[in-house]
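Student: Residue 206 in UniProt numbering sits at position 206 of the sequence shown, with consecutive numbering throughout.
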Amino acid sequence: MLDIHTLRQVPIFAKLPEPRLQWLLEQGQEVWLQPGEIHRHQGDRANHVFVLLEGQVRITKKVGNEEILLATYEPKTLYGELPVLMGQEFFWASGSAVTRCQIFELPNQVFWEMLSSCTCVMTAILRTMAERLQEVQTISQHRERMVALGTLAAGLAHELNNPASASRRAVGQLRQTVQVLQPLTIKLNQQEMTCAQKAFLADLLQDAIACAKTAVQLDPLTQSDREDELMQWLEIHNIANAWKLAPTFVSAGIDTQWLENIKQNVGSLLLSNVLTWIEVTLQEMGLLEEIDHCTARISTLVEAVKDYSYMDRAPLQEIDLHEGIESTLTILSHKLNQGVVVTREYDCELPRINVYGRDLNQVWTNLIDNAIDAINGQGQIWIRTSCESDFLLVEIADNGLGIPPEILSHIFEPFFTTKGVGKGTGLGLHIAYRIVVGQHHGDIRVFSQPGDTRFQVRLPISL
Numbered sequence: 001m002l003d004i005h006t007l008r009q010v011p012i013f014a015k016l017p018e019p020r021l022q023w024l025l026e027q028g029q030e031v032w033l034q035p036g037e038i039h040r041h042q043g044d045r046a047n048h049v050f051v052l053l054e055g056q057v058r059i060t061k062k063v064g065n066e067e068i069l070l071a072t073y074e075p076k077t078l079y080g081e082l083p084v085l086m087g088q089e090f091f092w093a094s095g096s097a098v099t100r101c102q103i104f105e106l107p108n109q110v111f112w113e114m115l116s117s118c119t120c121v122m123t124a125i126l127r128t129m130a131e132r133l134q135e136v137q138t139i140s141q142h143r144e145r146m147v148a149l150g151t152l153a154a155g156l157a158h159e160l161n162n163p164a165s166a167s168r169r170a171v172g173q174l175r176q177t178v179q180v181l182q183p184l185t186i187k188l189n190q191q192e193m194t195c196a197q198k199a200f201l202a203d204l205l206q207d208a209i210a211c212a213k214t215a216v217q218l219d220p221l222t223q224s225d226r227e228d229e230l231m232q233w234l235e236i237h238n239i240a241n242a243w244k245l246a247p248t249f250v251s252a253g254i255d256t257q258w259l260e261n262i263k264q265n266v267g268s269l270l271l272s273n274v275l276t277w278i279e280v281t282l283q284e285m286g287l288l289e290e291i292d293h294c295t296a297r298i299s300t301l302v303e304a305v306k307d308y309s310y311m312d313r314a315p316l317q318e319i320d321l322h323e324g325i326e327s328t329l330t331i332l333s334h335k336l337n338q339g340v341v342v343t344r345e346y347d348c349e350l351p352r353i354n355v356y357g358r359d360l361n362q363v364w365t366n367l368i369d370n371a372i373d374a375i376n377g378q379g380q381i382w383i384r385t386s387c388e389s390d391f392l393l394v395e396i397a398d399n400g401l402g403i404p405p406e407i408l409s410h411i412f413e414p415f416f417t418t419k420g421v422g423k424g425t426g427l428g429l430h431i432a433y434r435i436v437v438g439q440h441h442g443d444i445r446v447f448s449q450p451g452d453t454r455f456q457v458r459l460p461i462s463l
């Protein structure tokens with residue numbers, strides 16, 4: 001049976017007079033838990049604080065499919081006070097019994113009355129709260145960074161895989177093309193041709209390559225019509241594999257008039273071999289262009305990662321804000337699908353400023369990623385930059401549903417999140433706030449209504 005003597009063994013209650021302890025006994029409720037039993041779930045209403053009298057309680061937070069251990073409380077410990085003191089309506093973590101537990105539950109109003117009337121209790125609780133909040137923030141911030149790193153790594157792997165796979169496929173096709181082109185070139189050289197014909201073929205090949213480089217991409221219907229036209233010409237002139245040659249020629253901007261010119265200069269006997277030779281060469285050039293494009297994309301991604309992380313640079317450096325934003329957009333490009341339109345409204349006259357570039361890119365990542373989530377992959381994002389007196393302004397806006405007015409003032413608080421249970425730690429915007437305000441002595445604020453949410457970051461030009 002719970003009594004005054006048991007409560008007095010709890011350090012925060014040790015100096016309370018007996019009448020006050022008796023009052024607590026009358027206001028609170030004793031609860032017993034068996035090992036493994038859940039005391040409170042993440043997302044339950046935070047309407048009580050708890051005193052663990054006997055046993056062990058484990059506090060965990062679910063993020064995605066993973067459960068993170070935040071703390072394990074021993075007997076004679078008060079817990080569950082953080083959400084109440086921070087004004088949050090719901091628990092952001094779960095509590096479960098490790099061993100058989102005896103728990104004394106106090107309603108919120110009793111807890112507040114005890115704080116207001118007992119200075120010794122208030123001092124002990126606030127000291128404990130500060131220590132716990134720091135510990136939990138350290139754990140959660142580490143987790144937030146790891147989750148962000150994992151997300152970026154997964155996106156980067158996806159982005160790298162596409163050009164790498166395309167490049168590998170092109171190399172395989174190029175190998176096959178070379179095996180066809182070499183014997184075909186030898187066969188043409190063995191043909192009896194005049195000096196004028198040989199000179200014509202040399203110029204013809206360069207002309208075909210030049211046409212391919214400047215060819216305009218056609219819409220599918222026009223492409224199909226021109227392929228049919230070329231196939232008819234090729235079939236009339238008894239050219240084998242007309243179905244294979246026509247798409248390559250049309251894509252390279254070659255028409256029937258160009259083919260007629262070849263026939264007039266090389267004659268019907270050489271026409272088939274010459275056209276096949278040109279088509280295979282164009283294929284080879286196209287594959288080389290594809291490989292060049294793929295490797296350039298890989299190089300761009302690697303450079304973006306270097307810029308994003310500011311590798312081999314001092315923590316505080318002079319940077320161009322636009323470069324950091326662009327590298328962040330490149331890193332997040334796997335989320336910017338066809339349904340997302342990013343509009344850049346940059347002030348190109350912005351001065352370079354001294355900042356902690358690596359940390360500042362975390363701000364852009366959190367804000368842009370939140371904007372993508374807000375429009376659910378379908379909508380528009382604006383990124384604007386400008387100069388305001390002694391500050392540089394970066395505004396990231398979206399046309400999503402917006403943030404409800406009643407929670408707008410809590411948006412930068414630690415552990416506060418509008419996402420569902422297990423989908424966010426509630427630290428992304430808090431970290432952004434600490435980096436902008438704490439590290440850079442700047443300002444971050446949000447304005448929101450349906451269809452128009454704007455996060456504004458102001459950074460001093462002189463840090």
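All residues carry an ideal CB built from backbone N, CA and C; glycine is no exception. Computed from a prediction, not measured in an experiment: that's the story for all the values here.
#1: Using CA coordinates, which residue listed in 209, 37, 89 and 342 is at the minimum distance from residue 43?
#2: Assuming residue 354 and residue 303 make a contact with CB atoms under 8 Å, what is their CB distance in whole Å?
#3: Roughly how many whole angstroms lie between the Cα atoms of residue 100 and residue 33?
#4: My assumption, with CB atoms under 8 Å, is that residue 271 sits in contact with residue 237. Please give the rounded CB distance.
#5: Just tell me which of 358, 290, 377 and 295 has its CA closest to the CA of residue 333.
#6: Per DSSP, what kind of secondary structure is residue 62 in: helix, strand or coil?
#7: Identify the continuous alpha helix (DSSP H) that holds residue 242 and give its terminal residues.
#8: Let me make sure I understand the geometry here. Which of 448, 442 and 446 has the alpha-carbon closest to that of residue 459?
#9: Between which two residues does the beta strand (DSSP E) harbouring residue 459 extend?
#10: On the DSSP bridge assignment, give the partners of residue 105 in chain order.
#11: Using 8 Å as the Cβ pair cut-off and three pairs as the minimum, do the region 284 to 301 and the region 369 to 385 touch?
#12: My output table needs one value for residue 354: the three-state DSSP class, helix, strand or coil.
#13: According to DSSP, simplified to helix, strand and coil, what is residue 237?
#14: Check this for me: beta carbons of residue 379 and residue 400, under 8 Å apart or not?
#15: Using 8 Å as the cut-off, can you tell me whether the region 334 to 352 makes contact with the region 379 to 388, which would need three or more C-beta pairs spanning the two stretches below that distance?
#16: Is it buried or exposed for residue 281, if we count other Cβ within 10 angstroms and need 16 for buried?
#17: With burial defined as no fewer than 16 other Cβ atoms inside 10 Å of the residue's Cβ, what is the status of residue 407: buried or exposed?
#18: One question on the structure: do residue 77 and residue 52 come within less than 8 Å of each other, judged by their Cβ atoms?
#19: Does the distance from the CB of residue 430 to the CB of residue 447 come in under 8 Å?
#20: Are the CB atoms of residue 223 and residue 356 within a distance shorter than 8 Å?
#21: Residue 121: buried (16+ other C-beta within 10 angstroms of its C-beta) or exposed?
#22: At 3 residues or longer, and completely inside the region 67 to 102: list those beta strand (DSSP E) runs for me, N to C.
#23: Per DSSP, what kind of secondary structure is residue 216 in: helix, strand or coil?
#24: Cβ of residue 4 within 8 Å of Cβ of residue 21?
#25: Within 10 angstroms of the Cβ of residue 87, are there 16 or more other Cβ atoms? Answer buried if so, exposed if not.
#26: Determine, using beta carbons only, whether residue 275 and residue 233 come nearer to each other than 8 Å.
#27: Would you check if the region 159 to 179 and the region 282 to 293 touch, i.e. whether three or more CB-CB distances between them fall below 8 Å?
#28: Helix, strand or coil for residue 192? Go by DSSP, reduced to three states.
#29: Excluding sequence positions up to five away, which residues of its chain have a Cβ less than 6 Å from the Cβ of residue 395?
#30: Give the secondary structure of residue 3 by DSSP, where H, G and I count as helix, E and B as strand, and everything else as coil.
#31: For the region 162 to 169 against the region 240 to 247, are there 3 or more C-beta pairs whose distance is under 8 Å?
#32: Residues in its own chain within less than 7 Å of residue 31 by CB, not counting five upstream and five downstream?
#33: Taking buried to mean at least 16 other C-beta atoms within 10 Å of its own C-beta, is residue 36 buried or exposed?
#34: Find out if the Cβ-Cβ distance for the pair residue 188, residue 261 is shorter than 8 Å.
#35: Grab the span of the beta strand (DSSP E) containing residue 397 for me, first residue to last.
#36: Would you identify the three-state DSSP class for residue 290, choosing helix, strand or coil?
Tutor: Reading it off the structure:
#1: The sequence position of residue 43 within the sequence shown is 43, counting from 1. That would be 89, whose Cα lies nearest to the Cα of residue 43.
#2: Numbered from its first residue, the sequence shown carries residue 354 at position 354. Numbered from its first residue, the sequence shown carries residue 303 at position 303. With 8 Å as the limit, residue 354 and residue 303 do not qualify as a contact, their Cβ atoms being about 22 Å apart.
#3: The residue labelled residue 100 in the question sits at position 100 within the sequence shown. The residue labelled residue 33 in the question sits at position 33 within the sequence shown. Those two C-alpha atoms are separated by around 6 Å.
#4: For the purposes of this step, residue 271 is taken as the residue at position 271 of the sequence shown. For the purposes of this step, residue 237 is taken as the residue at position 237 of the sequence shown. That pair is a contact at about 6 Å.
#5: The count along the sequence shown starts at 1 and reaches residue 333 at position 333. That would be 377, whose Cα lies nearest to the Cα of residue 333.
#6: If you number the sequence shown from 1, residue 62 lands on position 62. Residue state, collapsed to three classes: strand.
#7: Within the sequence shown, numbered from 1, the residue matching residue 242 stands at position 242. Counting along the chain, the alpha helix (DSSP H) containing residue 242 begins and ends at 242 to 251.
#8: Walking along the sequence shown from the start, residue 459 turns up at place 459. If we check each option's Cα against that of residue 459, 442 comes out closest.
#9: Position 459 of the sequence shown, counted from the start, is the residue given in the question as residue 459. 452 to 460 is the span of the beta strand (DSSP E), which, as asked, contains residue 459.
#10: The count along the sequence shown starts at 1 and reaches residue 105 at position 105. Partner(s): 29 and 50.
#11: no
#12: To locate residue 354, count along the sequence shown from 1; it is residue 354. Note: residue 354 maps to strand in three-state DSSP.
#13: Taking the sequence shown and counting its residues from 1, one reaches residue 237 at position 237. Residue 237 falls in the coil class under three-state DSSP.
#14: Residue numbering aside, residue 379 sits at position 379 when the sequence shown is read from its first letter. Residue numbering aside, residue 400 sits at position 400 when the sequence shown is read from its first letter. Closer than 8 Å, so yes.
#15: yes
#16: Within the sequence shown, residue 281 is the residue found at index 281, counting from 1. By the 10 Å Cβ count, residue 281 comes out buried.
#17: Taking the first residue of the sequence shown as position 1, residue 407 is located at position 407. Label assigned to residue 407: exposed.
#18: Locating residue 77 in the sequence shown gives position 77, where the first residue counts as 1. Locating residue 52 in the sequence shown gives position 52, where the first residue counts as 1. A contact, by the Cβ cut-off of 8 Å.
#19: Indexing the sequence shown from 1 puts residue 430 at position 430. Indexing the sequence shown from 1 puts residue 447 at position 447. Their beta carbons are not under 8 Å apart, which means residue 430 does not touch residue 447 by this criterion.
#20: To locate residue 356, count along the sequence shown from 1; it is residue 356. To locate residue 223, count along the sequence shown from 1; it is residue 223. Their beta carbons are not under 8 Å apart, which means residue 356 does not touch residue 223 by this criterion.
#21: Counting from 1 along the sequence shown, the entry for residue 121 is found at position 121. So residue 121 counts as buried.
#22: 77 to 79 and 94 to 97
#23: Counting from one through the sequence shown, the residue named residue 216 turns up at place 216. It is coil, neither helix nor strand.
#24: The residue given as residue 4 occupies position 4 in the sequence shown. The residue given as residue 21 occupies position 21 in the sequence shown. Cβ distance < 8 Å, so residue 4 and residue 21 count as in contact.
#25: If you number the sequence shown from 1, residue 87 lands on position 87. Residue 87 should be labelled exposed.
#26: For the purposes of this step, residue 275 is taken as the residue at position 275 of the sequence shown. For the purposes of this step, residue 233 is taken as the residue at position 233 of the sequence shown. No, these two residues do not count as a Cβ contact at 8 Å.
#27: yes
#28: Walking along the sequence shown from the start, residue 192 turns up at place 192. In the structure shown, residue 192 sits in coil (DSSP, three-state: anything other than H, G, I, E or B).
#29: Within the sequence shown, residue 395 is the residue found at index 395, counting from 1. So the qualifying residues of the chain are 384, 454 and 456.
#30: Residue mapping note: residue 3 aligns to position 3 of the sequence shown, counting from 1. Three-state result, residue 3: coil.
#31: no
#32: Reading the sequence shown from its first residue, position 31 is the one you call residue 31. Answer for residue 31: 103 and 105, listed in chain order.
#33: Position 36 of the sequence shown, counted from the start, is the residue given in the question as residue 36. Label assigned to residue 36: exposed.
#34: Against the sequence shown, residue 188 aligns to sequence position 188. Against the sequence shown, residue 261 aligns to sequence position 261. Cβ atoms of residue 188 and residue 261: not closer than 8 Å.
#35: The sequence position of residue 397 within the sequence shown is 397, counting from 1. Looking at the DSSP string, the run of the beta strand (DSSP E) that includes residue 397 is 391 to 398.
#36: Mapped onto the sequence shown, residue 290 falls at position 290. Three-state result, residue 290: helix.
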